[in-house]
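Here the structure comes first, spelled out in structure tokens, and everything after it is commentary.
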Amino acid sequence: MNNIELSTVYLPLLDKVYKQASKTAVLEGDEATIKRGDNGEIKVAKLDMDALGDFDRKSGYTKGSTTFRWETIRYDKERSQDLRIDRLDNVEALKLPFAKLSSEFIRTKVVPETDAARIAKIAGTTGISTKAETLETGENVIAALRACTNKMDEDEVDKENRILFITPTNKGLIDDLDSYKSKDVLSKFSQIIEMPQSRMYTKIELKDGKTEFGYAKAADGNEINFLCVERSAAVVHMEQFIKYFTPDEDQDGDDNVFKYRNNNLYGHVYENKLAGVYCSYKTAE
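Residue numbers for the sequence shown follow our numbering, so the first one is -14 and each next one is one higher.
Below is the structure:
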């Protein structure tokens, strides 16, 4: 098996590692909602329709319109890394040491950054519901979540597909109460995902890899308490690419070389579904 075939076989395995580890993969679009475009663009499905009008017994039905179209938007960012392991540290190419290196890279580097970038992009969308607040007790968290569900109920947001991303600390404050109030408010969400605070910021900075790598909270970013997203209100997407070169093909050394690259749509919130996103974030200190 040559290195091209190895890459073809190995990419689905890395995709599996990513999907198992990512906490925002639940928001990814499928072929019905998203498709690849050209020149760094991606197409997302947009559906809109007119409301009711009066029926006229002479002229009949009102002539409204239903619009389905593919909206073209640009990917947010391309990210990459060149990973290497010496020939003598990995005698059989793509066996345990190299496989562990690449899978750990996906799990510990790609996934946290992608989750953080998606949360920040969605939370930073103009027009969504936001509230700055400091939550110190379980009662505070319950009240904040109740305000979120009340707002979505009043805006007639679908109750069946509300996904709650919440920090473990805030979820723990609720769990410690063990009361009917906490159970009642949590029942308002179809899925509850605990997201580490390190991935929950209103704005992040992606390092360029020249002097620093990865990501960090932006200076003007805030820590997020929780983010609620109705499933159809937002879409995310990532394409991953890998190349593998043997030590004999390595022009710069004697390494097994794993070149990784991804192209990201970190988040797109549909302008007609802004009510489907609610973000509670900590007040600036």
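Glycine included, C-beta positions come from ideal geometry on N, C-alpha and C.
According to DSSP, is I182 part of a helix, a strand, or is it coil?
The sequence shown places Gln at residue 182, rather than the Ile named in the question. Reduced to three states, the DSSP call for Q182 is helix.
In chain order, what residues of the same chain have a beta carbon less than 6 Å from the beta carbon of Q176, not counting five sequence neighbours either side?
Taking Q176 as the centre and dropping the five residues before and after it, the same chain places the C-beta of I148 closer than 6 Å to its C-beta, in chain order.
N- and C-terminal bounds of the beta strand (DSSP E) containing T51
Element bounds for T51: T51 to R59.
Answer yes or no: do I58 and I91 have a C-beta to C-beta separation smaller than 8 Å?
Not a contact, by the Cβ cut-off of 8 Å.
Using DSSP bridges, identify the partner residues of S337.
Residue 337 lies beyond the stretch modelled for the chain, which goes from -14 to 270, so this question has no answer here.
When the Cβ atoms of the segment 225 to 237 are set against those of the segment 37 to 52, are three or more pairs found closer than 8 Å?
With a cut-off of 8 Å, the segment 37 to 52 and the segment 225 to 237 do not count as touching, because too few Cβ pairs lie within range.
Cα separation between T115 and P232?
Each residue's alpha carbon lies about 52 Å from the other.
For T119 and N155, I'd like the C-alpha separation in whole angstroms.
If you take the alpha carbons of T119 and N155, they lie about 11 Å apart.
Using 8 Å as the Cβ pair cut-off and three pairs as the minimum, do the segment 137 to 146 and the segment 96 to 113 touch?
Three or more beta-carbon pairs separated by less than 8 Å are not found between the segment 137 to 146 and the segment 96 to 113, which leaves the two stretches without contact.
Can you look up D71 in the DSSP assignment and give me helix, strand or coil?
Secondary structure of D71 (DSSP, three-state): strand.
Label R21 either buried or exposed according to how many other C-beta atoms from any shown protein chain fall within 10 Å of its C-beta, with 16 as the threshold for buried.
Classification of R21: exposed, given that the 10 Å Cβ count is below 16.
Over what stretch of residues does the beta strand (DSSP E) that includes I148 continue unbroken?
Counting along the chain, the beta strand (DSSP E) containing I148 begins and ends at R147 to I151.
From what residue to what residue does the beta strand (DSSP E) around K228 run?
In the DSSP annotation of this structure, the continuous segment of the beta strand (DSSP E) that includes K228 starts and ends at A219 to F230.
Which of the three DSSP states is assigned to N241 in this structure?
Strand at N241.
Please name the residue, chosen from G123, K31 and R54, that lies closest to E256 on a Cα-to-Cα basis.
Minimum Cα distance to E256 is reached at K31.
If contact is defined by three or more beta carbon pairs under 8 Å, each pair taking one atom from either stretch, is the segment 58 to 71 in contact with the segment 86 to 103?
Yes, the segment 86 to 103 touches the segment 58 to 71.
Could you tell me if T99 is buried or exposed, where buried requires 16 or more neighbouring beta carbons within 10 angstroms of its beta carbon?
When all chains shown are included, T99 counts as buried.
Ends of the beta strand (DSSP E) at A30?
Looking at the DSSP string, the run of the beta strand (DSSP E) that includes A30 is E26 to M34.
Mind checking whether T152 and N210 have CB atoms under 8 Å apart?
Contact flag set, yes.
Quick one: what does DSSP say F211 is sitting in, helix, strand or coil?
In this structure, F211 counts as strand in the three-state DSSP scheme.
Are three or more beta carbon pairs between the segment 218 to 230 and the segment 183 to 200 nearer than 8 Å?
When C-beta atoms of the segment 218 to 230 are compared with those of the segment 183 to 200, fewer than three pairs fall below 8 Å, so the two segments do not count as touching.
With a threshold of 16 other CB atoms inside 10 Å of the CB of N135, please say whether the residue is buried or exposed.
Counting other Cβ atoms within 10 Å of its Cβ, N135 stays below 16 and is therefore classed as exposed.
For a minimum of 4 consecutive residues, which ranges assigned as the alpha helix (DSSP H) are wholly contained in the segment 119 to 166?
Listed in chain order, the complete alpha helix (DSSP H) runs (minimum 4 residues) inside the segment 119 to 166 are 123 to 139 and 153 to 162.
Minimum C-alpha distance to G269 - residue among A128, L212, K258 and A203:
Residue identity differs from the one stated: residue 269 is Ala in this sequence, not Gly. Ranking A128, L212, K258 and A203 by CA distance to the CA of A269 puts A203 first.
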